[in-house]
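Student: Handing you this structure, nothing more for now.
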Amino acid sequence: MYVCFEIVTFLLAFNFYDLVLTQDPSCCHHAAELSPCREACDQLATIKSESRLKHLLQRLPSYCPDSMNELWTCINSTLPGASRKSDGWVGLGCCELAISAECRRECKQVRGRLVSPIAPLHIEAFLVKSLFPNPIVGSVCCSYAGRHTNCREYCQAIFRTDSSPTVSQIKAVKDYCQSSYPIKSPIDSENTYWSRLYCCERASEPHCQVACRRILRTMTTEHEIMEGLIDECGSQPLPQDPLWQCFLGSAHPPTKSETETSPTAKMDGAKLHCCSKANTSLCRDMCQEISTNWGTQTWQEFDQMCEYNAVETDLITCLADVREPCQLGCKDLAYCTNFNNRPTELFRSCNVQSDQGALNDIKLWSNGTIKMPFMNIPVLDIRKCLPEMWKAVACALQIKPCYSKSRGSVICKSDCVDILTQCGDRKRFHEGQTAERICEILSPIDDPERCIPLERYLTPSSLGNIIEEVIHPCNPNPCPSNHLCEVNRKGCQPGQDCLPFFCMPGCKLGEASEFLVHLDARIQVPLRNGQTGCFEVCTCGQSGRLENCAEMPCIDTSKTCIVGGQRKNHGASFRVDCHPCFCSAGDTICSARQCLSVDSSDEDRRRFTGLPCGCPDRFVPVCARNGRTYPSACVARCMGFKDNQFVFGNCRSSDPCTPSLCHRNQRCIPKHRVCLTDLAEPCPQHECVGRPSGCDKSQMDPACDTDNEEHPNLCQLLQMGKTLAYMGHCQDACKRPQPVCGHNGETYSTVCEAYSDRVAVDYQGRCHAVGAVADLASDSGCDMIPCPALSTPSCVPVTPPGACCPICAGMLQILWNKEQMNVFAKLNRNQPVTVHDILRILRLHISVPQCDIFGYLSIDSEIIILIVPVDQQPTPLQIEACSMEAEKIDALINYGSPTLVSHVPLSAFLASEVKISTIRSAGHPSSTASFLPTFLCLALGLLLTLTPGDA
85 MYVCFEIVTF
95 LLAFNFYDLV
105 LTQDPSCCHH
115 AAELSPCREA
125 CDQLATIKSE
135 SRLKHLLQRL
145 PSYCPDSMNE
155 LWTCINSTLP
165 GASRKSDGWV
175 GLGCCELAIS
185 AECRRECKQV
195 RGRLVSPIAP
205 LHIEAFLVKS
215 LFPNPIVGSV
225 CCSYAGRHTN
235 CREYCQAIFR
245 TDSSPTVSQI
255 KAVKDYCQSS
265 YPIKSPIDSE
275 NTYWSRLYCC
285 ERASEPHCQV
295 ACRRILRTMT
305 TEHEIMEGLI
315 DECGSQPLPQ
325 DPLWQCFLGS
335 AHPPTKSETE
345 TSPTAKMDGA
355 KLHCCSKANT
365 SLCRDMCQEI
375 STNWGTQTWQ
385 EFDQMCEYNA
395 VETDLITCLA
405 DVREPCQLGC
415 KDLAYCTNFN
425 NRPTELFRSC
435 NVQSDQGALN
445 DIKLWSNGTI
455 KMPFMNIPVL
465 DIRKCLPEMW
475 KAVACALQIK
485 PCYSKSRGSV
495 ICKSDCVDIL
505 TQCGDRKRFH
515 EGQTAERICE
525 ILSPIDDPER
535 CIPLERYLTP
545 SSLGNIIEEV
555 IHPCNPNPCP
565 SNHLCEVNRK
575 GCQPGQDCLP
585 FFCMPGCKLG
595 EASEFLVHLD
605 ARIQVPLRNG
615 QTGCFEVCTC
625 GQSGRLENCA
635 EMPCIDTSKT
645 CIVGGQRKNH
655 GASFRVDCHP
665 CFCSAGDTIC
675 SARQCLSVDS
685 SDEDRRRFTG
695 LPCGCPDRFV
705 PVCARNGRTY
715 PSACVARCMG
725 FKDNQFVFGN
735 CRSSDPCTPS
745 LCHRNQRCIP
755 KHRVCLTDLA
765 EPCPQHECVG
775 RPSGCDKSQM
785 DPACDTDNEE
795 HPNLCQLLQM
805 GKTLAYMGHC
815 QDACKRPQPV
825 CGHNGETYST
835 VCEAYSDRVA
845 VDYQGRCHAV
855 GAVADLASDS
865 GCDMIPCPAL
875 STPSCVPVTP
885 PGACCPICAG
895 MLQILWNKEQ
905 MNVFAKLNRN
915 QPVTVHDILR
925 ILRLHISVPQ
935 CDIFGYLSID
945 SEIIILIVPV
955 DQQPTPLQIE
965 ACSMEAEKID
975 ALINYGSPTL
985 VSHVPLSAFL
995 ASEVKISTIR
1005 SAGHPSSTAS
1015 FLPTFLCLAL
1025 GLLLTLTPGD
1035 A
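So this is what it looks like as structure tokens:
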């Protein structure tokens, strides 16, 4: 009876959580004579944690043997499909959940005879017939191996992950279970799930989406599906309903013309992003095929030819980012317990399924052979030979620690050689096979920053209970399948339940994709024709689909750059002296940093200021047409501005609404911003807002006026005739002006105003000095600046470019493509792209609420991102978490991951450099933190309560 609980686990992945919680508790009385079984059964109705429930469901058969027919019959009868049948045989509900029609038919035949003894070989014959591309459902069919435990576990090990089974893996299952499988693809014309599952996402009600997915899995005829949808969703098949529009228009496979009218039909745009990273034309073509033709069988060839191909590391890593993005934190594992309590480490797959997969691996390996798709490795008894090392190997390969420089899950070569030297069964090695040669194929890397060092996971984490200093509200994801999880940084209105996350509606990157983007987001998607460098920009619409797509000019990726007599391919990052550079379609784009050559004279070093064009470090600010304050006219000219394109003074010192540029029936609101685009008009510093006749009082977006009175949102503030001071909750400490200097060189009247502008504070008082932007520069301009004490004395800080004072934070310096930003702006009705736009999108990628994001455009035109702890006195763990968030984003930029670069305008990012704060020595922060200046305590504390305006 393992099958039903394997399927329940499958159902949980498709939002059938409530179904299990409504399991009839009366079933448990059948287990009254077996106390452990009764206790486990009773827990089903009480467990609230989805991860714990999944774990119990997987382990329940070990408490309740399959000889307890009455218990299992009762449980099976509550599953979908069973109550509609009258033939009364055990487990029909489970069989109805099989996706393949062939799998359903075989299941009915086999399970119908399970009331009497049945030869395991017969079940395995069915098992191998039921193999098909979906790995989750594959593991369900594996459970039909029934009492032949070894066969079942071997099959589950093959199908336990995201990767589709290869031809050699299927053959391995066949050989192990001593049966055969048909050549015919089991995905046939009867399989309605594959052809129309995406329609379910268009239902407006969540319960209808859930019912729709269940109906497509449990019913086979058009009549059954139509009746089921009408009954469950409570609506007639009207053509204007998006759900019925999809079904009625997709009763047959879409024709070529239909496909062309729907640019995202049967496409996985996220995976399609990765195809350009293929190093061979074969893998690139296969990648495009499996990304644009849903249900194709090319996945088998792709896995065999590309998944384990060493030259396709970039492609495979990119696809892994789409399937399993790296996320901070790991906990609640029952087998791989040494991976628990690691809130500042990145993992791809820290979940109960991978935990069980590692246990299954160990059981299989204990048979004496590790069967790989391309080789078999004979080993001694791993239960006696280095058992903890083998456990660490299995867990690492399943849980997948995600190291920033490779983001792969490869065991370090030295560990591989060591464990096979001691535990490999050399008597059974093939001719010429040695530990070194095997590991050269499996684990060719020995750089501890690019491979997984097993020593780290041979002992439990030392953190213990302090892991609550860093939490992960969105890991695991608590939201429905068509919603994204977003960290709640705004708080809640009085009387509301305050959860640490929001569930926000989103769109898939194509009908066949599971990758979601936020509503109203602008998304860059590769064209379906597969031409490298050709994209279209679409909007995530209210319908939950990408729409209003517009093609961009294609990028000629065949063009190369000649640098110092060497040829650089498109997409290559490199350095010229101290400059980070990037080759983009034949154009070499470099930063404007100032460098000191090795052979510089003492006089050159003495005069070197580190500012662009060697400008003196005098602070005589000018405001340029892009909305950025530069420390002098010299620096502004060096950045390409003509004398008529800047004025003396800080940008924020002028009132953009005097005189008002708005219509008589509108109100002018100052909105200072820095534009990253170079359009015909100067960067607008105001916004014209219609005089509101009514406001949405339920909207939670606090705004504070100049009288220090708080309003629920900006609309209500304006309705009361008030003037905005800053977005966020009013703070008593910000009642009176206390000027502070931001990292962007702007003076803010209060720290509240600075943080509302998403700018972190450099020092107290008005800006009157400029810091260096080069690593080797004098700091004479900052000599007289009294810097605040570090928030945590044991922190090794970073100093942002152009700033005077160091801070404890993770910092990114991003090189970007202005021409691409201009293209995005023109496609968006000439709306400029601003620094705030960048910060707003990047903020969604910060998964730890103990960290927040700030940023500015440096005076040498790099985008500077700071990820800063929000607590007044952050613990070392919180500082480490912010640094890891910075490293995560840095890796996504430098590897061009679709997780990040599918978003406009982040796709204009070319390369990134990361600098992180570290901790000198361990120790509890409460005993090491020193007194902070009053204004700095206030500044850091405000991060907990301030709500940004458009950032």
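So in the numbering used here, spot 916 of the sequence shown is number 1000, and the numbers just go up one at a time. Each residue gets a CB set at the ideal place from its N, CA and C atoms; glycine is no exception. These figures come from a predicted structure and were not determined experimentally.
#1: Could you please give me the residues that DSSP links to residue 1079 through a beta bridge?
#2: Could you tell me the distance, in whole angstroms, from the CA atom of residue 815 to the CA atom of residue 836?
#3: Taking three-plus beta-carbon pairs below 8 Å as touching, is the stretch 911–922 in contact with the stretch 758–770?
#4: Let's see if you can read the secondary structure: which residues bound the beta strand (DSSP E) around residue 668?
#5: Suppose the cutoff is 8 Å on Cβ atoms and the five residues either side in sequence are ignored; what does the same chain contact list for residue 679 look like?
#6: Which whole-angstrom value describes the C-beta separation of residue 823 and residue 842, a residue pair presumed to lie in contact below a C-beta threshold of 8 Å?
#7: Quick check: what's the CA-CA separation for residue 375 versus residue 518?
#8: So what does DSSP say about residue 906, is it helix, strand or coil?
#9: Leaving out the 5 sequence neighbours to the left and right, which residues in its chain are closer than 7 Å to residue 933 when beta-carbon positions are compared?
#10: Between residue 716 and residue 731, what straight-line distance do the alpha-carbon atoms span, to the nearest angstrom?
#11: Out of 636, 638, 868, 672, state which residue places its alpha-carbon closest to the alpha-carbon of residue 653.
#12: Let me know the secondary structure DSSP gives residue 651 once reduced to three states.
#13: Are the CB atoms of residue 694 and residue 853 nearer to each other than 7 Å?
#14: If I follow the unbroken beta strand (DSSP E) through residue 632, where does it start and stop?
#15: Is residue 818 closer than 7 Å to residue 894 when the C-beta atoms are compared?
#16: So, residue 935 versus residue 922, is the Cβ gap smaller than 7 Å?
#17: Please state if the CB of residue 669 and the CB of residue 639 are separated by a distance shorter than 7 Å.
#18: Assign residue 939 to one of three DSSP states: helix, strand, or coil.
#19: By the 10 Å Cβ neighbour count, where 16 or more other Cβ atoms means buried, how is residue 559 classified, buried or exposed?
#20: Just curious, the alpha helix (DSSP H) that residue 968 is in, first and last residue?
#21: Are residue 942 and residue 886 touching if we call contact CB-CB under 7 Å?
#22: From residue 984 to residue 428, what distance separates their C-alpha atoms?
#23: What's the gap between the Cα of residue 737 and the Cα of residue 968?
#24: So, for residue 909: in the same chain, excluding its five sequence neighbours on each side, which residues have a beta-carbon less than 8 Å away from its beta-carbon?
#25: Under a three-way DSSP split, which group does residue 386 fall into?
#26: Just grab the DSSP bridge partners of residue 588 for me.
#27: So if DSSP puts residue 610 in a beta bridge, which residue, or which two residues, is it bridged to?
#28: Go to residue 789, then tell me how far its beta strand (DSSP E) extends in each direction, as first and last residue.
#29: What separation, rounded to the nearest whole angstrom, lies between the Cα atoms of residue 808 and residue 298?
#30: For residue 505, which residues of its own chain have a beta-carbon under 6 Å away from its beta-carbon, when the five flanking residues on both sides are left out?
#31: Can you tell me whether residue 435 is buried or exposed? The criterion is at least 16 other CB atoms within 10 Å of its CB, across all chains shown.
#32: Within the same chain, show all residues whose beta-carbon is closer than 6 Å to that of residue 312, passing over the 5 residues directly before and after it, in chain order.
#33: According to DSSP, is residue 734 part of a helix, a strand, or is it coil?
#34: Tell me the start and end of each unbroken alpha helix (DSSP H) in the stretch 676–725 that is at least 4 residues and wholly inside, in chain order.
#35: Could you tell me whether the Cβ atoms of residue 897 and residue 992 are closer together than 7 Å?
#36: Any heavy atom of the ligand ADP closer than 6 Å to the Cβ of residue 980?
Tutor: To lay it out plainly:
#1: Shown here, the chain extends from 85 to 1035; a query on residue 1079 therefore has no answer.
#2: Here the question's residue 815 lines up with position 731 in the sequence shown. Here the question's residue 836 lines up with position 752 in the sequence shown. Distance between the alpha carbons of residue 815 and residue 836 is about 8 Å.
#3: yes
#4: As a first step, residue 668 is located in the sequence shown; it is residue number 584 there, counting from the start. Residues 663–668.
#5: Sequence index remark: in the sequence shown, residue 679 carries index 595 (1-based). Excluding residues within five positions, the ones whose Cβ falls inside 8 Å are 661, 662, 663, 858.
#6: Start at 1 with the first residue of the sequence shown, and residue 823 comes out as number 739. Start at 1 with the first residue of the sequence shown, and residue 842 comes out as number 758. Wrong, their Cβ atoms sit about 18 Å apart, outside the cutoff.
#7: Along the sequence shown, one-based indexing puts residue 375 at 291. Along the sequence shown, one-based indexing puts residue 518 at 434. If I take the Cα positions, the gap works out to 39 Å.
#8: In the sequence shown, residue 906 corresponds to position 822, counting from 1. Three-state DSSP puts residue 906 in a helix.
#9: Your numbering for residue 933 matches position 849 in the sequence shown. Result list for residue 933: 555, 557, 571, 573, 584, in chain order.
#10: For the purposes of this step, residue 716 is taken as the residue at position 632 of the sequence shown. For the purposes of this step, residue 731 is taken as the residue at position 647 of the sequence shown. Taking the straight line from one Cα to the other gives about 10 Å.
#11: Here residue 653 is taken as the residue at index 569 of the sequence shown, counted from 1. Of 636, 638, 868, 672, the residue nearest in Cα terms is 672.
#12: Taking the sequence shown and counting its residues from 1, one reaches residue 651 at position 567. In the structure shown, residue 651 sits in a strand (DSSP, three-state: E or B).
#13: As a first step, residue 694 must be located in the sequence shown, where it is residue number 610. As a first step, residue 853 must be located in the sequence shown, where it is residue number 769. No; because the gap between Cβ atoms is not below 7 Å, this pair is not in contact.
#14: Numbered from 1 along the sequence shown, position 548 holds the residue referred to as residue 632. Here the beta strand (DSSP E) through residue 632 covers 630–635.
#15: Translated into the one-based positions of the sequence shown, residue 894 becomes position 810. Translated into the one-based positions of the sequence shown, residue 818 becomes position 734. It is not a contact, given that the beta carbons lie outside the stated cut-off.
#16: Position 851 of the sequence shown holds residue 935. Position 838 of the sequence shown holds residue 922. No; because the gap between Cβ atoms is not below 7 Å, this pair is not in contact.
#17: Numbered from 1 along the sequence shown, position 555 holds the residue referred to as residue 639. Numbered from 1 along the sequence shown, position 585 holds the residue referred to as residue 669. Closer than 7 Å, so yes.
#18: Taking the first residue of the sequence shown as 1, we reach residue 939 at position 855. The answer is strand: DSSP assigns residue 939 an E or B state.
#19: On the sequence shown, position 475 is the one that residue 559 refers to. Flag for residue 559 reads buried.
#20: As a first step, residue 968 must be located in the sequence shown, where it is residue number 884. Per DSSP, residue 968 belongs to the alpha helix (DSSP H) from 960–978.
#21: Start at 1 with the first residue of the sequence shown, and residue 942 comes out as number 858. Start at 1 with the first residue of the sequence shown, and residue 886 comes out as number 802. Yes. Within cutoff.
#22: Working through the sequence shown from its first residue, we reach residue 984 at position 900. Working through the sequence shown from its first residue, we reach residue 428 at position 344. So the two alpha carbons sit approximately 20 Å from each other.
#23: On the sequence shown, residue 737 is found 653 positions in, with the first residue counted as 1. On the sequence shown, residue 968 is found 884 positions in, with the first residue counted as 1. Cα to Cα, residue 737 sits roughly 37 Å from residue 968.
#24: On the sequence shown, position 825 is the one that residue 909 refers to. Result list for residue 909: 761, 763, 915, 916, 917, in chain order.
#25: The residue given as residue 386 occupies position 302 in the sequence shown. Here residue 386 sits in helix by DSSP.
#26: By one-based count along the sequence shown, residue 588 stands at place 504. BP columns for residue 588 point to 568.
#27: Position 526 of the sequence shown holds residue 610. Residue 610 is bridged to 619.
#28: Locating residue 789 in the sequence shown gives position 705, counting from the first residue. Start and end: 787–789.
#29: Position 724 of the sequence shown holds residue 808. Position 214 of the sequence shown holds residue 298. Roughly 51 Å between the two C-alpha positions.
#30: Indexing the sequence shown from 1 puts residue 505 at position 421. Hits under 6 Å: 519.
#31: Here residue 435 is taken as the residue at index 351 of the sequence shown, counted from 1. The residue in question, residue 435, is buried, as its Cβ has 16 or more Cβ neighbours within 10 Å.
#32: The count along the sequence shown starts at 1 and reaches residue 312 at position 228. Closer than 6 Å at the Cβ level, and outside the excluded window around residue 312, lie 299, 303.
#33: Residue 734 sits at position 650 when you count from the first residue of the sequence shown. Residue state, collapsed to three classes: coil.
#34: 686–691, 717–722
#35: Residue numbering aside, residue 897 sits at position 813 when the sequence shown is read from its first letter. Residue numbering aside, residue 992 sits at position 908 when the sequence shown is read from its first letter. Taking 7 Å as the Cβ cut-off, residue 897 and residue 992 do not qualify as a contacting pair.
#36: This structure simply doesn't include the ligand ADP, nor any ligand for that matter.
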